[in-house]
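*Asks:*
Residue numbers (this note's numbering): 341 to 767.
1. How far does the beta strand (DSSP E) with residue 425 in it extend, from its first residue to its last?
2. Using C-beta distances below 6 angstroms, list every residue in its chain close to residue 566, excluding the 5 sequence neighbours before and after it, in chain order.
3. Kindly identify the DSSP beta-bridge partner or partners of residue 602.
4. Check whether the Cβ atoms of residue 446 and residue 421 sit closer than 8 angstroms, and answer yes or no.
5. What did DSSP end up calling residue 677 once you bin it into helix, strand or coil?
6. Between residue 623 and residue 469, what straight-line distance do the alpha-carbon atoms span, to the nearest angstrom?
7. Look at the alpha carbon of residue 606 and the alpha carbon of residue 459, and state the distance between them as a whole number of angstroms.
8. May I ask you to report which of helix, strand or coil DSSP gives residue 583?
9. With residue 692 and residue 489 assumed to form a contact (beta carbons below 8 angstroms), what rounded beta-carbon distance in angstroms separates them?
10. Here's the rule: buried if 16 or more other CB atoms are within 10 angstroms of the residue's CB, otherwise exposed. What is residue 399?
11. Three or more C-beta pairs under 8 angstroms: does that hold for the stretch 697-707 against the stretch 668-681?
12. Which residues mark the beginning and the end of the beta strand (DSSP E) in which residue 661 is found?
13. Counting only the same chain and skipping the five closest in sequence on each side, list residues whose C-beta sits under 6 angstroms from that of residue 662.
14. Name the one or two DSSP bridge partners that residue 491 has.
15. Within 10 angstroms of its Cβ, does residue 370 collect 16 or more other Cβ (buried), or is it exposed?
16. Here's the rule: buried if 16 or more other CB atoms are within 10 angstroms of the residue's CB, otherwise exposed. What is residue 443?
17. Could you please give the first and the last residue of the uninterrupted alpha helix (DSSP H) stretch that includes residue 463?
18. Going by the CB atoms, is the gap between residue 511 and residue 553 shorter than 8 angstroms?
19. Can you name the start and end residues of the beta strand (DSSP E) that residue 518 belongs to?
20. Answer with buried or exposed for residue 504, where buried requires no fewer than 16 other C-beta atoms within 10 angstroms of its C-beta.
21. Give the DSSP-derived three-state secondary structure of residue 639 in the structure shown.
22. Have a look at residue 734 and residue 394 and give me their C-alpha separation to the nearest angstrom.
23. Could you say if the stretch 511-523 and the stretch 721-733 meet the contact criterion of at least three C-beta pairs nearer than 8 angstroms?
24. By alpha-carbon positions, which one of 614, 651 and 626 ends up nearest to residue 640?
25. Look up residue 590 in the DSSP assignment and say whether it is helix, strand or coil.
26. Give the straight-line distance between the Cα atoms of residue 649 and residue 594, rounded to the nearest whole angstrom.
27. So what does residue 511 bridge to, in DSSP terms?
28. Rounding to the nearest angstrom, what Cα-Cα distance links residue 617 and residue 638 in this structure?
29. Name the DSSP bridge partner or partners of residue 608?
30. Could you have a look at residue 385 and say whether DSSP puts it in helix, strand or coil?
31. Here's a check: name, in chain order, each residue in its chain whose Cβ is nearer than 8 angstroms to the Cβ of residue 581, leaving out the five neighbours to either side.
32. Kindly indicate the opening and closing residues of the alpha helix (DSSP H) around residue 405.
33. I'd like the list of long-range same chain contacts for residue 402, defined as Cβ closer than 6 angstroms, with 5 residues on each side in sequence excluded.
34. Within 10 Å of its beta-carbon, does residue 436 have 16 or more other beta-carbons around it, so buried, or fewer, so exposed?
35. Nearest to residue 317 by alpha carbon, out of 493, 665, 536 and 509?
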């Protein structure tokens with residue numbers, strides 16, 4: 341499907357040309373994927389071209405490298421970049437001093453000034469294209485599954501005074517963020533859902549992909565979009581925000597007569613949990629509301645918590661049981677999905693929470709960030725998403741220890757940023 345100005349968020353003509361060039365560089369529908377510096381060249385430079393000493397891809401690449409080295413604020417990023425290793429500057433194509441012949445790093449002031457003026461949406465698009473291409477290159481067999489979920493940048497303030505909210509789509513398993521949109525101050529995630537998936541589909545087709553979303557996005561319009569327009573499948577959670585559909589799912593069959601198709605057990609955080617799933621064909625009532633629905637599932641989570649109260653002889657340990665039931669609706673037919681697969685899709689949806697949002701909060705201290713206004717909060721989030729994805733695609737599942745290694749290992753840093761292959765830089 342061709343990229344259009346609508347798909348790219350009403351991009352200007354010059355910006356659209358650059359983004360299309362980036363798509364060609366990435367080999368959008370297969371082929372060789374080039375390096376980070378080439379992709380960042382598709383982001384429009386906000387400066388007057390006269391007198392530019394340090395190219396924008398160098399500044400953005402150094403910013404990504406600084407985040408990979410564990411820097412958490414704009415000031416820390418700028419300070420790291422000003423003293424960046426020679427290997428990194430060379431790999432990014434930094435300006436060479438005419439006398440010494442050594443690559444030069446931008447000053448702290450230049451880094452902060454330029455980053456504060458960059459188009460955050462254009463950067464997010466370029467990074468999403470790059471991450472999607474890298475993920476496609478590393479992808480193995482099996483059905484591809486992506487999750488759509490949002491997160492509020494609690495420490496920031498948008499033009500309306502409200503904290504910016506970002507909606508992202510990430511791959512199950514790796515947590516690589518493939519696309520990200522900012523939700524407008526006068527709207528919500530629901531209206532941002534379709535533009536986000538359309539943008540991703542424009543450079544990374546979603547045909548046959550399973551899209552998971554939480555109960556907020558369980559709408560007929562979203563189901564129609566996924567199946568009819570994108571040629572994908574949906575797995576939606578049904579909760580109390582859609583009461584009529586919830587009743588239809590409960591009454592779809594006599595669940596007491598449906599055998600448990602799959603169960604899983606685990607113990608963590610002082611509780612024992614057993615999850616079961618039952619599958620049935622979507623009823624006529626459900627299909628009247630969601631024509632593309634084919635299968636309904638009931639997932640039950642049985643939890644036993646151990647609670648200790650009192651001290652000494654008054655110490656009492658009790659086991660408190662509880663059961664939570666939710667329904668899941670999917671366009672996959674009963675013969676196209678197993679109970680274990682569907683349970684995995686429903687549980688795997690939380691990949692984006694556990695492997696992206698949690699890491700940004702804990703490892704990068706995103707919610708404690710003092711970057712408040714302008715494009716910087718979103719730019720920082722985009723860079724963090726990029727680094728988290730690249731670290732995992734390089735085979736490192738533990739983000740914080742890997743970042744500590746990167747601080748003292750320039751070769752690992754170049755490998756993570758895909759700058760270790762000189763051929764990537766000059767093709």
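Glycine included, every Cβ here is placed at the ideal spot set by N, Cα and C.
*Replies:* Taking the definition as stated:
1. To locate residue 425, count along the chain shown from 1; it is residue 85. Taken as a continuous stretch (DSSP letters only), residue 425 belongs to no beta strand (DSSP E), as it is neither H nor E.
2. Translated into the one-based positions of the chain shown, residue 566 becomes position 226. So the qualifying residues of the chain are 551, 572 and 574.
3. Here residue 602 refers to the residue found at position 262 of the chain shown. Paired residues: 617.
4. Position 106 of the chain shown, counted from the start, is the residue given in the question as residue 446. Position 81 of the chain shown, counted from the start, is the residue given in the question as residue 421. Yes, the Cβ-Cβ distance between residue 446 and residue 421 is below 8 angstroms.
5. One-based indexing of the chain shown puts residue 677 at position 337. It is coil, neither helix nor strand.
6. Counting from 1 along the chain shown, the entry for residue 623 is found at position 283. Counting from 1 along the chain shown, the entry for residue 469 is found at position 129. Their Cα atoms are separated by approximately 39 angstroms.
7. Numbered from 1 along the chain shown, position 266 holds the residue referred to as residue 606. Numbered from 1 along the chain shown, position 119 holds the residue referred to as residue 459. Going by the C-alpha atoms only, they are around 45 angstroms apart.
8. The residue you call residue 583 lines up with position 243 of the chain shown. Three-state DSSP puts residue 583 in a helix.
9. Sequence index remark: in the chain shown, residue 692 carries index 352 (1-based). Sequence index remark: in the chain shown, residue 489 carries index 149 (1-based). The pair is a contact, with the Cβ atoms about 5 angstroms apart (cut-off 8 angstroms).
10. Numbered from its first residue, the chain shown carries residue 399 at position 59. Residue 399 comes out buried.
11. no
12. As a working note, residue 661 is residue 321 in the chain shown. Per DSSP, residue 661 belongs to the beta strand (DSSP E) from 656-670.
13. Here residue 662 refers to the residue found at position 322 when the chain shown is read from its first residue. Counting only Cβ-Cβ distances below 6 angstroms, and skipping sequence neighbours, we find 643.
14. Residue numbering aside, residue 491 sits at position 151 when the chain shown is read from its first letter. Answer by DSSP bridge pairing, in chain order: 506.
15. Here residue 370 corresponds to residue number 30 of the chain shown, with the count starting at 1. With a pLDDT of 45 at residue 370, under the threshold of 50, the modelled position of this residue cannot be trusted, and the question is left open.
16. Residue 443 sits at position 103 when you count from the first residue of the chain shown. Residue 443 comes out buried.
17. Locating residue 463 in the chain shown gives position 123, counting from the first residue. Unbroken alpha helix (DSSP H) run through residue 463: 460-478.
18. For the purposes of this step, residue 553 is identified with residue 213 of the chain shown, where counting begins at 1. For the purposes of this step, residue 511 is identified with residue 171 of the chain shown, where counting begins at 1. Going by C-beta atoms, residue 553 is not nearer than 8 angstroms to residue 511.
19. On the chain shown, position 178 is the one that residue 518 refers to. From DSSP, the beta strand (DSSP E) with residue 518 extends over 517-523.
20. Here residue 504 refers to the residue found at position 164 when the chain shown is read from its first residue. Buried, because 16 or more other Cβ atoms sit within 10 Å of the Cβ of residue 504.
21. Position 299 of the chain shown, counting from 1, holds the residue named residue 639. Strand at residue 639.
22. On the chain shown, position 394 is the one that residue 734 refers to. On the chain shown, position 54 is the one that residue 394 refers to. Straight-line Cα distance between these residues: approximately 29 angstroms.
23. yes
24. Residue 640 sits at position 300 when you count from the first residue of the chain shown. Checking every option, the nearest Cα to that of residue 640 belongs to 614.
25. Locating residue 590 in the chain shown gives position 250, where the first residue counts as 1. Correct three-state label for residue 590: helix.
26. As a first step, residue 649 must be located in the chain shown, where it is residue number 309. As a first step, residue 594 must be located in the chain shown, where it is residue number 254. Cα-Cα distance, rounded: 40 angstroms.
27. If you number the chain shown from 1, residue 511 lands on position 171. Answer is 486.
28. The count along the chain shown starts at 1 and reaches residue 617 at position 277. The count along the chain shown starts at 1 and reaches residue 638 at position 298. Going by the C-alpha atoms only, they are around 6 angstroms apart.
29. In the chain shown, residue 608 corresponds to position 268, counting from 1. Answer is 611.
30. Taking the first residue of the chain shown as position 1, residue 385 is located at position 45. Residue 385 falls in the coil class under three-state DSSP.
31. Start at 1 with the first residue of the chain shown, and residue 581 comes out as number 241. Excluding positions up to five away in sequence, the list reads 555, 556 and 558.
32. Taking the chain shown and counting its residues from 1, the one referred to as residue 405 is at position 65. It spans 396-408 - the alpha helix (DSSP H) in which residue 405 sits, taken as one unbroken run.
33. Taking the first residue of the chain shown as 1, we reach residue 402 at position 62. Same-chain partners within the cutoff: 421 and 424.
34. Indexing the chain shown from 1 puts residue 436 at position 96. Answer is exposed; the Cβ neighbour count stays below 16.
35. Nothing in the structure corresponds to residue 317, since the chain is present only between 341 and 767.
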